Amino acid sequence: MKSRGLNLPTPALELWAGVECTVNRVRADYFDQLERGGHARRADDLDLFASLGVRTMRYPVLWERTAPRGVARADWAWADERLAKLRALGVRPVVGLVHHGSGPAYTSLADPEFPNKLAEYARAVARRYPWVEDYTPINEPLTTARFSGLYGHWYPHGRDDRTFARCLVNQCRAVALAMRAAREVNPGARLVQTEDVGKTFSTRRLAYQAEFENERRWLSFDLLCGRVARDHPMREYLLWAGVAGRELDWFTENPCPPDVVGVNHYLTSERFLDERVSRYPACAAGGNGRHRYADVEAVRVCAEGAAGVRAVLREAWERYRLPLAVTEAHLGCTREEQLRWLKEVWDAARSLRDDEGADVRAVAVWSLLGAHDWHCLLTRDEGRYEPGVFDLRAPRPRPTALARMARDLAAGREHDHPALDSPGWWRRLDRLIYKPVRVRHGGAPEVVMDRGFDAGERRARAVLIAGATGTLGRAFARVCAARGLSYHLLARAEMDVAERGSVERALARYEPWAVVNAAGYVRVDDAEREAERCMRENADGAGVLAQACAARGVALLTFSSDLVFDGAKGKPYVECDATAPLGVYGWSKAEAERRVLASHSKALVVRTSAFFGPWDEHNFLHAALREVAAGRRFVAASDSVVSPTYVPDLVHACLDLLVDGERGVWHLANGGAISWADFARRAAREAGHDERLVAAAPTKRLRLAAMRPPFSALASERAQLLPPLEDALARYLRERLPEPAASNLDTAFERKRAG
């Protein structure tokens, strides 16, 4: 691609970055993502961001945070420090002034003076930082107007067209006035205007509504470009919604076209409207006064899938012929899906630029530090966190696989990861959760949909899972399938982990990129009389696997136990604590750790504890609930404290770490420390059973062959990746297998396994 009018090559597509910085208001409460994620208190995060190699970053100098009591009383200390550091690091900021907010408490999006007040703040920002060249005065004005004026989610909580139109026009005028003020100081100041540009599909009956929404989605850009003249298809709607003609004419007389049209596009941005509301959950139903219809994610119902970011970028280019950037590329999902989404967005932007000549400047990876509570549109503080390029659940932001990908893209390198061999969930058949419908995208789809895990030129590289008959091995297979990770689940006959030849043959046959060792000896008490067998399966097997994987450069994940500790510490153990096992099983796991880490420098060793899970009956909690549900007494240890671990949480966290390329010893357990007896009582109570049927007894009365540590709860100095126990227990009770009828099975063995 050549620059227009010049015989010069266009610079390579740039990778930008951004930190989620929303400060939105819900009634009198402000939700501040910078505070929630801790970036407000960590200036050294900027060093991490710069280490990615990005040289442009969307960065907040937010009105609500800087001047909550007025511009004259603004506190510039935070912005002074951060912008100076970015400048020193050679990172160009695109300064944001309002991000899904409504301004400080002395204004709102519906305030007629909102535009002038923001312009005053923008002028103060420009005077303080005259070297800043790029601004996003308001992020996503149309989206914010919908959430604040039409749907009632955010302040001022309007639920009508009039409030929506007022919020939108006020914001767009504020953008134009803010840029005018900034350009008084720096005439070269550039507007990078962002918007969540979605797309709407519908049944034939609702085509009129889809047409309306597909025109409305461009309104913020159209107003700024001075295009809402008398012949504009949305002008009549805005007049009907109470916007005066002279207000619209002001935009045509004072155009402020973006220097860069920033397209934010999410999978949820594409919608499908269907009057057959009975096909969908009740929460999806709504209407327009003329028809009642369901509004659902297009990717979940459209047989062709989503139109995709390339189609939306093309529409923006054809409509405006202005430089483009994808100013947010983020997916709140599992790690490999985040990688797949960023690659798809990057490839779409690059191909549109190279193949069709569109002036696409950059893709911004978003959000560097992840985000909090976007699942409920920031209307509640529920503490749900989704990681981004860095994971905040560690003492210091921990780089994920996205960080390595970002470094490659920023440096102009192709990025390769085995997870990218398989399509994202939005490209697979299991994305469809409603009866499929066909829609017309207005062009050929970007890729052939739903070709399965082997789409592309090569077979998808797989994860090899040892332990086909065990709880953990089957759980890994189930979760890998759900996450679109190609895998092979092997029984001992297919790969005996303790037999070198068997391991070598399996690795040669399947050529995995990673091995998960979910095999091993698990009978803690029987190990006391079967020590040789226990050591063979646990220590020898792990050691053989480690040597074979290291020789081939294959990642290895293997498991250890809380029983490598003696319990003398009296408080939760962390990764650096010395091991001191009390029994054969614990010794076998401690020896396995030693051999694996000595043989494979990049191996991942996960210590965990006290499994419970929804997919099989082979766990302590299932046995306890089975007994109390039948009205029978259940005995559990009162003096043995553990950290119960919900198997789905464990497997997901392990796969994230494996995709991230993490290594060394990690403790993974749901947050909390509890005795076996109290654990059973809590589960019985929350399941609606009589907790008094759970009898507590000291461990010595259970006549167990192997000694147990009195306190083997696990904590982590590396990261707390699993949610609290109470959260996991609530999900277990919702997701578990149906409660079995009363049985005559002897549950002593189940109780002995759990201790």
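Counted the way the working numbering counts, the sequence shown spans residues 4 to 758.
Ideal Cβ positions, reconstructed from N, Cα and C, are used throughout, including at glycine.
Since this is a predicted model, take the numbers as computed values, not measurements.
Can you give the Cα-Cα distance for residue i and residue j, rounded to whole angstroms?
| i | j | result |
| --- | --- | --- |
| Asp467 | Gly415 | The question names Asp, but residue 467 in the sequence shown is Leu. Roughly 32 Å between the two C-alpha positions. |
| Met408 | His418 | 6 Å |
| Leu380 | Ser111 | 19 Å |
| Leu275 | Arg322 | In the sequence on display, residue 275 carries Phe and not Leu. Answer to the nearest angstrom: the Cα atoms are 23 Å apart. |
| Ala632 | Ala583 | 38 Å |
| Arg598 | Gly674 | 28 Å |
| Pro426 | Arg343 | 7 Å |
| Arg45 | Lys120 | 30 Å |
| Asp289 | Arg131 | It is Gly, not Asp, that sits at residue 289 in the sequence shown. About 47 Å. |
| Leu37 | Glu389 | 14 Å |
| Ser143 | Cys228 | Before going further, note that residue 143 is Glu rather than Ser in the sequence given. Roughly 15 Å between the two C-alpha positions. |
| Glu256 | Leu372 | 41 Å |
| Pro14 | Asp357 | 11 Å |
| Ser505 | Arg383 | 53 Å |
| Asn541 | Leu560 | 13 Å |
| Gln550 | Leu660 | 21 Å |
| Ala496 | Arg739 | 30 Å |
| Asp114 | Val329 | 31 Å |
| Arg666 | Arg539 | 24 Å |
| Phe150 | Arg441 | 29 Å |
| His625 | Glu729 | 16 Å |
| Gly300 | Leu270 | The amino acid at residue 300 is misidentified as Gly; the sequence shows Glu. Approximately 8 Å, taken between the alpha carbons. |
| Arg387 | Val97 | 28 Å |
Apart from the five residues on each side of it in sequence, which residues of its chain come closer than 6 Å, Cβ to Cβ, to residue i?
| i | result |
| --- | --- |
| Glu67 | Val26, Gly104 and Pro107 |
| Ala718 | Pro575 and Val577 |
| Ser612 | Asp565, Val645, Ser646, Thr648, Ala672 and Leu717 |
| Glu198 | Glu143, Leu145 and Ser223 |
| Val650 | Ala478, Phe614 and Gly616 |
| Gly152 | Gly161, Thr166, Phe167 and Cys170 |
| Phe714 | Gly570, Gly573 and Val644 |
| Glu594 | Ala542 |
| Asp262 | Arg193 and Leu194 |
| Ala244 | Asp164, Arg165 and Ala168 |
If you drop the 5 nearest sequence neighbours on each side, which residues of the same chain put their C-beta closer than 7 Å to that of residue i?
| i | result |
| --- | --- |
| Tyr124 | Trp66, Ala70, Val74 and Leu100 |
| Glu318 | none |
| Arg434 | Val302, Arg303 and Trp428 |
| Ala656 | Leu671, Leu724 and Leu725 |
| Arg58 | Gly93, Val94 and Arg95 |
Does DSSP put residue i in a helix, in a strand, or in coil?
| i | result |
| --- | --- |
| Glu720 | coil |
| Phe637 | strand |
| Phe568 | coil |
| Trp590 | helix |
| Tyr490 | strand |
| Trp669 | strand |
| Arg610 | strand |
| Thr582 | coil |
| Glu805 | The structure shown does not extend to residue 805, since the chain spans only 4 to 758, so no value can be given for it. |
| Gly664 | coil |
| Val697 | strand |
| Val735 | First, the amino acid is wrong: residue 735 is Tyr here, not Val. Residue state, collapsed to three classes: helix. |
| Val348 | helix |
| Glu136 | coil |
| His375 | strand |
| Val368 | strand |
| Val644 | strand |
DSSP has residue i in a bridge; who is on the other side?
| i | result |
| --- | --- |
| Ile436 | Looking at the DSSP assignment, Ile436 forms no beta bridge with any residue, so it has no partner. |
| Gly21 | Arg61 |
| Leu327 | Val264 and Val363 |
| Pro398 | Paired residue(s): none; Pro398 is not in a bridge. |
| Thr203 | Arg274 |
| Ser563 | Arg610 |
| Ala517 | Val466 and Ala558 |
| Tyr649 | Phe615 |
| Gly674 | Pro727 |
| Tyr33 | Arg28 |
| Asn142 | His102 |
Please report whether the beta-carbon of residue i lies at a distance below 8 Å from any beta-carbon of chain D.
| i | result |
| --- | --- |
| Tyr158 | The structure shown contains no chain D; it is built from a single protein chain. |
Check whether the Cβ of residue i sits closer than 7 Å to any heavy atom of the ligand FMN, and report yes or no.
| i | result |
| --- | --- |
| Arg68 | The model depicted lacks the ligand FMN and carries no ligand whatsoever. |
Under 8 Å Cβ to Cβ from residue i, same chain only, skipping five residues before and after it: list those, please.
| i | result |
| --- | --- |
| Val547 | Val500, Ala501, Glu502, Arg503 and Val506 |
What ranges does the beta strand (DSSP E) occupy inside the region 158-223, keeping only unbroken runs of at least 3 residues that lie completely in it?
Annotation: the region 158-223 contains the following complete segments of the beta strand (DSSP E) (minimum length 3 residues), in chain order: 193-199 and 202-205.
My parser needs the beta strand (DSSP E) runs of 3 or more residues fully inside the region 284-345; what are they?
Runs of the beta strand (DSSP E) inside the region 284-345: 288-290, 295-300 and 327-332.
Which whole runs of the alpha helix (DSSP H) in the region 83-126 are 4 residues long or more, in chain order?
Annotation: the region 83-126 contains no complete segment of the alpha helix (DSSP H) (minimum length 4 residues).
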